[in-house]
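Trainee: My numbering numbers the first residue of the sequence shown as 13 and each following residue consecutively.
Sending over a structure as structure tokens; questions will come in a sec.
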Amino acid sequence: MGSNFCDRKYKIIAIESTGATRTLISELLREKGFTDIQAVPSIREALAVLETETVSWILTSVFADQDSNLFQLLHLMNRVPHLADVRVSAFVDATELELMPAAFELGLLSYHLKPFTKDKLKYEFDNLLSDFESLGWKSLNLSAAYLRKCLTESSLYPELLNFERQLMQAQPGNLQQMLNLALPLIKTNKVEEAKSVLWQVQKLDPSLEKQVKQITAAHLGNADLSAVKGSMNILNLKSAVIVENDSAIQKDLTSVLQEMGVEKIEVFGDGRSALDFLKNNPDNDLIIQEWKIPQITGPIFLQRAKDEAAQTAPFILYTSLIDSSDAQFLKEMGVAFVMNKPLPRAEIIKNIIWTVQQERSPTDKKTLERKFRQALEEKDGPGASEIMTRYMSGSVSTGAKLLMEAEFAYFEGAYEKARDLAFDSLKNAGDSIFLLNLLGKVMMQLRDIGTALKCFEKAQALAPQNLVRLCQIAEIQADLGETEKSQASLAVASELDPDSVVLQETRAKIAINAGSDDAMQLMSQLKDAGNVVSSMNNLAVAMARCGKIEDGIAQYKKTMRAIPNDRVDLLATVQFNLALAHLRANALDPAKEILVPLSQGFTKMQGKSAAILKRMKQAETLGVPIQFKKEPSVETLPSMTVATDTGGGSEVLEPKEALLDNRHEELVSALISRPGDRCCYMIFQMSSQPPQVKKMLEQKLRYKKRDVINKDQTR
Numbered sequence: 013m014g015s016n017f018c019d020r021k022y023k024i025i026a027i028e029s030t031g032a033t034r035t036l037i038s039e040l041l042r043e044k045g046f047t048d049i050q051a052v053p054s055i056r057e058a059l060a061v062l063e064t065e066t067v068s069w070i071l072t073s074v075f076a077d078q079d080s081n082l083f084q085l086l087h088l089m090n091r092v093p094h095l096a097d098v099r100v101s102a103f104v105d106a107t108e109l110e111l112m113p114a115a116f117e118l119g120l121l122s123y124h125l126k127p128f129t130k131d132k133l134k135y136e137f138d139n140l141l142s143d144f145e146s147l148g149w150k151s152l153n154l155s156a157a158y159l160r161k162c163l164t165e166s167s168l169y170p171e172l173l174n175f176e177r178q179l180m181q182a183q184p185g186n187l188q189q190m191l192n193l194a195l196p197l198i199k200t201n202k203v204e205e206a207k208s209v210l211w212q213v214q215k216l217d218p219s220l221e222k223q224v225k226q227i228t229a230a231h232l233g234n235a236d237l238s239a240v241k242g243s244m245n246i247l248n249l250k251s252a253v254i255v256e257n258d259s260a261i262q263k264d265l266t267s268v269l270q271e272m273g274v275e276k277i278e279v280f281g282d283g284r285s286a287l288d289f290l291k292n293n294p295d296n297d298l299i300i301q302e303w304k305i306p307q308i309t310g311p312i313f314l315q316r317a318k319d320e321a322a323q324t325a326p327f328i329l330y331t332s333l334i335d336s337s338d339a340q341f342l343k344e345m346g347v348a349f350v351m352n353k354p355l356p357r358a359e360i361i362k363n364i365i366w367t368v369q370q371e372r373s374p375t376d377k378k379t380l381e382r383k384f385r386q387a388l389e390e391k392d393g394p395g396a397s398e399i400m401t402r403y404m405s406g407s408v409s410t411g412a413k414l415l416m417e418a419e420f421a422y423f424e425g426a427y428e429k430a431r432d433l434a435f436d437s438l439k440n441a442g443d444s445i446f447l448l449n450l451l452g453k454v455m456m457q458l459r460d461i462g463t464a465l466k467c468f469e470k471a472q473a474l475a476p477q478n479l480v481r482l483c484q485i486a487e488i489q490a491d492l493g494e495t496e497k498s499q500a501s502l503a504v505a506s507e508l509d510p511d512s513v514v515l516q517e518t519r520a521k522i523a524i525n526a527g528s529d530d531a532m533q534l535m536s537q538l539k540d541a542g543n544v545v546s547s548m549n550n551l552a553v554a555m556a557r558c559g560k561i562e563d564g565i566a567q568y569k570k571t572m573r574a575i576p577n578d579r580v581d582l583l584a585t586v587q588f589n590l591a592l593a594h595l596r597a598n599a600l601d602p603a604k605e606i607l608v609p610l611s612q613g614f615t616k617m618q619g620k621s622a623a624i625l626k627r628m629k630q631a632e633t634l635g636v637p638i639q640f641k642k643e644p645s646v647e648t649l650p651s652m653t654v655a656t657d658t659g660g661g662s663e664v665l666e667p668k669e670a671l672l673d674n675r676h677e678e679l680v681s682a683l684i685s686r687p688g689d690r691c692c693y694m695i696f697q698m699s700s701q702p703p704q705v706k707k708m709l710e711q712k713l714r715y716k717k718r719d720v721i722n723k724d725q726t727r
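Structure follows, in structure tokens:
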């Protein structure tokens with residue numbers, strides 16, 4: 013945060029016990045263009061303003077000997093969520109300088125040494141604002157500069173080294189930050205590591221060579237860095253994969269990654285061997301691939317790496333063969349970055365660093381969208397919600413916001429709400445490949461498969477390489493009786509990737525829905541028939557949700573007939589779901605005929621079946637119908653609870669008393685805070701807190717947000 017300082021209209025509170033000093037501070041800030049400044053003599057009076065008004069910046073003395081002090085104020089900012097954007101600067105006496113590291117640990121922005129003259133204070137404000145602007149109004153970077161100065165002037169080099177290492181973790185790939193490690197390394201007698209850092213920075217970014225030479229001359233006696241061995245892992249990448257058949261480019265990319273300190277680099281000249289490796293090694297940190305590679309095409313490699321090899325690492329394409337027709341496909345496949353060959357080495361480094369930084373701490377709009385959809389695919393509801401909150405707070409169009417809300421509603425199982433939000437997005441922003449995909453999925457859940465097909469076909473026209481969607485189109489066409497079109501779609505899919513697992517599963521699903529005699533044979537040929545059974549079960553659940561219970565029952569029966577004889581576990585699962593469908597249709601006898609054998613068998617459905625039979629018996633004894641909640645689809649069961657109504661999901665409301673509880677607010681604030689959100693808070697940690705600071709923090713400030721009362725309301 014910190015951009016509020018760029019807009020000088022936001023409110024500032026200056027806290028100083030001396031009236032003349034308060035006047036001086038106010039005058040100088042107004043000269044800087046700030047228009048809303050309120051000067052008060054104590055922190056208590058400042059709190060009264062904070063409780064009713066939005067404040068951007070507080071400048072205050074330490075007030076170490078008073079009941080309300082700087083450290084209590086900083087602690088308040090950290091435990092009250094709606095104060096998270098307030099920044100605090102301190103006016104300090106020379107005797108209070110030793111307390112400042114502890115203040116930075118709690119989120120201090122800057123400190124300024126007393127006593128003041130007009131010229132001295134003007135100089136302080138000039139420097140602060142010019143530095144802030146040069147750092148892009150990022151409060152973490154500004155507070156880090158002040159903390160660095162404080163620790164250096166106090167010769168607290170072990171503390172400084174720990175801080176610079178933590179900041180390096182928060183800003184992976186930042187070579188200027190990497191350079192900041194050199195001085196504390198030297199001062200703590202880690203000279204060889206310092207040399208390694210300096211050599212690596214110079215190698216990765218020649219524009220920093222002048223700074224490297226200055227540090228080397230001042231602290232290392234112009235030592236020769238060329239003999240240094242080893243590299244710091246500046247991006248904290250344990251493994252990277254390169255898929256490229258040009259040996260010269262393989263060598264260049266490998267060299268770049270080695271200089272970045274990547275621990276393990278795997279290089280493949282063709283798509284098939286790379287895919288085999290990825291299937292057995294899912295935990296990679298980065299994948300760089302050419303678009304035109306031998307044995308498996310680039311688009312198919314990308315899809316299979318994600319679908320079959322479960323790769324969630326960012327993909328970078330380094331190629332000269334991408335054209336505008338590939339753009340939509342790359343977007344929906346979640347490609348993180350496209351580098352166009354040839355590129356200077358410095359640009360390759362810059363792009364890799366940017367990609368990894370965005371993967372870990374996304375700020376770019378497109379990256380946030382990609383990470384949001386990745387979280388949904390991984391069934392990470394809280395993660396997706398957190399990304400959505402950050403996305404919505406940025407400058408994005410109404411249509412884009414509505415689309416993200418619609419995608420999240422679909423994830424929660426609120427299909428009607430998702431449909432309505434998607435239509436609103438369509439009216440605001442027109443269609444996009446993500447909107448068309450979403451509408452297709454929503455319409456499938458609402459069993460409007462004709463409309464779903466139109467959405468998927470339109471999306472496929474934008475990105476014809478998408479094999480999964482093409483197979484889904486073939487399945488819908490077969491379901492609608494458009495057999496020739498379905499076979500044509502399957503033929504196109506086979507041309508794209510004849511060995512596709514998705515294609516094999518689609519053929520099996522079409523055979524099941526058609527009641528074909530070869531359905532069981534096709535199922536037995538699959539590596540994992542469970543995927544098809546899960547899909548068929550979801551289809552039956554969707555039918556039941558739309559009131560088509562008999563259709564759902566028929567779907568279960570067709571699925572059961574196709575399950576291979578040796579998959580007793582799958583058969584039992586479908587039988588159990590069929591029994592539940594009968595119960596929802598109030599057909600108790602057919603349900604009992606299924607549940608009794610299941611309750612006596614040795615499958616995982618044994619206990620559940622016995623429990624249902626017990627409930628049926630109790631209901632029969634009491635003379636009341638058995639009651640069931642609406643059941644969400646299988647694909648949502650492992651990750652979260654879905655609302656049982658057909659509206660927009662469920663909401664858990666905390667009691668008002670809990671919301672007012674300080675510990676509750678502190679927990680909420682901790683959950684939503686990330687390192688670096690509030691200056692150096694959660695990044696810098698002292699080895700020990702000064703006793704004086706501990707004493708000042710024994711009591712907490714009392715604070716309660718209040719609405720502003722207008723004079724008209726009191727009449």
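Even for Gly, the Cβ is constructed at its ideal location relative to N, Cα and C.
Because the structure is a prediction, the values reported are computed rather than measured.
Once you ignore the five residues that flank Leu-179 on each side, which residues in its own chain have a CB closer than 7 Å to its CB?
Mentor: What you label residue 179 is simply residue 167 of the sequence shown in a count that begins at 1. Cβ within range, chain order: Ala-156, Gln-189 and Ile-695.
Trainee: Taking the beta strand (DSSP E) that Trp-211 falls in, what are its first and last residues?
Mentor: Sequence index remark: in the sequence shown, residue 211 carries index 199 (1-based). First-last for Trp-211: 203 to 216, but that is the alpha helix (DSSP H), not the beta strand (DSSP E).
Trainee: Where are the alpha helix (DSSP H) runs, 4 residues long or more, that stay fully inside the segment 88 to 142, in chain order?
Mentor: Segments of the alpha helix (DSSP H) lying fully in the segment 88 to 142: 112 to 117.
Trainee: Cα-Cα, which of Ala-412, Arg-718, Ile-361 and Pro-218 is closest to Phe-384?
Mentor: Within the sequence shown, residue 384 is the residue found at index 372, counting from 1. Looking at the Cα atoms, Ala-412 is the closest of the given residues.
Trainee: Hey, would you say the C-beta of Met-548 is under 8 Å away from at least one heavy atom of the ligand NAP?
Mentor: For the ligand NAP, the structure offers nothing, since it holds no ligand at all.
Trainee: In or out: Pro-650 buried (at least 16 other Cβ within 10 Å) or exposed?
Mentor: Taking the sequence shown and counting its residues from 1, the one referred to as residue 650 is at position 638. With a pLDDT of only 31 at Pro-650, under 50, the local geometry of the prediction cannot be trusted, and no value is derived from it.
Trainee: Name, in chain order, the residues that DSSP records as bridge partners for Trp-69.
Mentor: By 1-based counting over the sequence shown, the position of residue 69 is 57. Paired residue(s): Ile-24 and Arg-99.
Trainee: Report buried or exposed for Lys-222, applying the criterion of at least 16 other Cβ atoms within 10 angstroms of its Cβ.
Mentor: Position 210 of the sequence shown holds residue 222. Classification of Lys-222: exposed, given that the 10 Å Cβ count is below 16.
Trainee: Run through the segment 22 to 65 for me and flag every whole beta strand (DSSP E) of 3 or more residues, listed as ranges in chain order.
Mentor: 23 to 27 and 49 to 52, all fully within the segment 22 to 65.
Trainee: For the candidate residues Ala-106, Pro-53 and Ser-611, whose alpha-carbon lies nearest to that of Asn-81?
Mentor: For the purposes of this step, residue 81 is taken as the residue at position 69 of the sequence shown. The shortest Cα separation from Asn-81 among Ala-106, Pro-53 and Ser-611 belongs to Pro-53.
Trainee: For Gln-369 and Met-404, I'd like the C-alpha separation in whole angstroms.
Mentor: By 1-based counting over the sequence shown, the position of residue 369 is 357. By 1-based counting over the sequence shown, the position of residue 404 is 392. Near 21 Å, if we compare the C-alpha coordinates of Met-404 and Gln-369.
Trainee: Would you call the segment 138 to 152 in contact with the segment 163 to 170, where contact means no fewer than 3 C-beta pairs closer than 8 Å?
Mentor: At 8 Å Cβ cutoff, the stretches do not touch.
Trainee: Using the C-alpha atoms, what's the distance from Phe-175 back to Ile-227?
Mentor: As a first step, residue 227 is located in the sequence shown; it is residue number 215 there, counting from the start. As a first step, residue 175 is located in the sequence shown; it is residue number 163 there, counting from the start. So the alpha carbons of these two residues sit roughly 19 Å apart.
Trainee: Looking at Lys-470 and Leu-448, is the spacing between their C-beta atoms short of 9 Å?
Mentor: The residue labelled residue 448 in the question sits at position 436 within the sequence shown. The residue labelled residue 470 in the question sits at position 458 within the sequence shown. In this structure, Lys-470 lies closer than 9 Å to Leu-448 by Cβ.
Trainee: So Leu-479 and Ala-505 are supposed to be a Cβ contact under 8 Å. How far apart are they, rounded?
Mentor: Position 467 of the sequence shown, counted from the start, is the residue given in the question as residue 479. Position 493 of the sequence shown, counted from the start, is the residue given in the question as residue 505. Yes, they are in contact, since the Cβ atoms of Leu-479 and Ala-505 sit about 6 Å apart, within 8 Å.
Trainee: Which residues does DSSP list as the beta-bridge partners of Met-351?
Mentor: Walking along the sequence shown from the start, residue 351 turns up at place 339. DSSP, once it has assigned bridges, lists Tyr-330 as partnering Met-351.
Trainee: Could you tell me which uninterrupted alpha helix (DSSP H) segments, each at least 4 residues in length, are contained entirely in the segment 401 to 477, listed from first to last along the chain?
Mentor: The segment 401 to 477 contains these whole alpha helix (DSSP H) runs: 410 to 424, 427 to 441, 445 to 457 and 461 to 474.
Trainee: Please classify Asp-581: is it buried, with 16 or more other beta-carbons within 10 angstroms of its beta-carbon, or exposed?
Mentor: Position 569 of the sequence shown, counted from the first residue, corresponds to residue 581. So Asp-581 counts as exposed.
Trainee: Does DSSP put Leu-298 in a helix, a strand or coil?
Mentor: Locating residue 298 in the sequence shown gives position 286, where the first residue counts as 1. In this structure, Leu-298 counts as strand in the three-state DSSP scheme.
Trainee: Below 9 Å between beta carbons: does that hold for Leu-71 and Ile-24?
Mentor: Start at 1 with the first residue of the sequence shown, and residue 71 comes out as number 59. Start at 1 with the first residue of the sequence shown, and residue 24 comes out as number 12. Yes, the Cβ-Cβ distance between Leu-71 and Ile-24 is below 9 Å.
Trainee: Tell me whether Ala-325 sits in a helix, a strand or coil according to DSSP, three-state version.
Mentor: As a working mapping, residue 325 is identified with position 313 in the sequence shown. Ala-325 falls in the coil class under three-state DSSP.
Trainee: Three or more beta-carbon pairs under 8 Å between the segment 554 to 562 and the segment 521 to 529, yes or no?
Mentor: Short answer: they don't touch.
Trainee: Would the segment 266 to 274 and the segment 381 to 398 be scored as touching if the rule is three or more Cβ pairs under 8 Å?
Mentor: Counting Cβ pairs under 8 Å, fewer than three are found: no touch.
Trainee: Give the single residue among Ala-252, Ala-182, Phe-435 and Gln-323 whose Cα lies nearest to the Cα of Lys-291.
Mentor: The sequence position of residue 291 within the sequence shown is 279, counting from 1. The shortest Cα separation from Lys-291 among Ala-252, Ala-182, Phe-435 and Gln-323 belongs to Gln-323.
Trainee: Please look up how many angstroms separate the CB atoms of Ser-739 and Asn-352, rounded, as I've assumed it's under 8 Å.
Mentor: Nothing about residue 739 can be read from this structure; the chain reaches only from 13 to 727.
Trainee: How far does the alpha helix (DSSP H) with Ala-235 in it extend, from its first residue to its last?
Mentor: As a position in the sequence shown, residue 235 is number 223, starting the count at 1. From DSSP, Ala-235 is part of no alpha helix (DSSP H); its letter is neither H nor E.
Trainee: Note down, in chain order, each residue of its chain lying with its Cβ closer than 7 Å to the Cβ of Cys-483, except the 5 sequence neighbours on either side.
Mentor: As a working mapping, residue 483 is identified with position 471 in the sequence shown. These residues qualify, in order along the chain: Ala-505, Val-514, Leu-515 and Thr-518.
Trainee: So Gln-489 and Leu-508 are in contact, right, with Cβ under 8 Å, and what is the actual spacing, rounded?
Mentor: Stepping through the sequence shown from its first residue, residue 489 is reached at position 477. Stepping through the sequence shown from its first residue, residue 508 is reached at position 496. Incorrect: roughly 17 Å between the Cβ atoms, too far for contact.
Trainee: I believe Phe-128 touches Leu-36 by the beta-carbon criterion, under 8 Å. Please report the beta-carbon distance rounded to the nearest angstrom.
Mentor: Numbered from 1 along the sequence shown, position 116 holds the residue referred to as residue 128. Numbered from 1 along the sequence shown, position 24 holds the residue referred to as residue 36. With 8 Å as the limit, Phe-128 and Leu-36 qualify as a contact, their Cβ atoms being about 7 Å apart.
Trainee: Excluding sequence positions up to five away, which residues of its chain have a Cβ less than 6 Å from the Cβ of Val-274?
Mentor: Locating residue 274 in the sequence shown gives position 262, counting from the first residue. Only Leu-249 and Ala-252 meet the Cβ criterion.
Trainee: Taking DSSP as the reference, what is the three-state secondary structure of Glu-487?
Mentor: Counting from 1 along the sequence shown, the entry for residue 487 is found at position 475. Reduced to three states, the DSSP call for Glu-487 is helix.
Trainee: Over what stretch of residues does the alpha helix (DSSP H) that includes Ile-261 continue unbroken?
Mentor: The residue labelled residue 261 in the question sits at position 249 within the sequence shown. Start and end: 259 to 271.
Trainee: Within 10 angstroms of its Cβ, does Pro-702 collect 16 or more other Cβ (buried), or is it exposed?
Mentor: Here residue 702 is taken as the residue at index 690 of the sequence shown, counted from 1. Flag for Pro-702 reads exposed.
Trainee: In this structure, does DSSP put Val-279 in helix, strand or coil?
Mentor: Within the sequence shown, numbered from 1, the residue matching residue 279 stands at position 267. It is a strand residue.
Trainee: Where Leu-133 and Lys-126 are concerned, what is the direct C-alpha to C-alpha distance, given to the nearest angstrom?
Mentor: Within the sequence shown, residue 133 is the residue found at index 121, counting from 1. Within the sequence shown, residue 126 is the residue found at index 114, counting from 1. Rounded to the nearest angstrom, the two C-alpha atoms are 9 Å apart.
Trainee: Applying the criterion that 16 or more other CB atoms from any shown protein chain within 10 Å of the CB defines a buried residue, is Asn-245 buried or exposed?
Mentor: Taking the sequence shown and counting its residues from 1, one reaches residue 245 at position 233. Classification of Asn-245: exposed, given that the 10 Å Cβ count is below 16.
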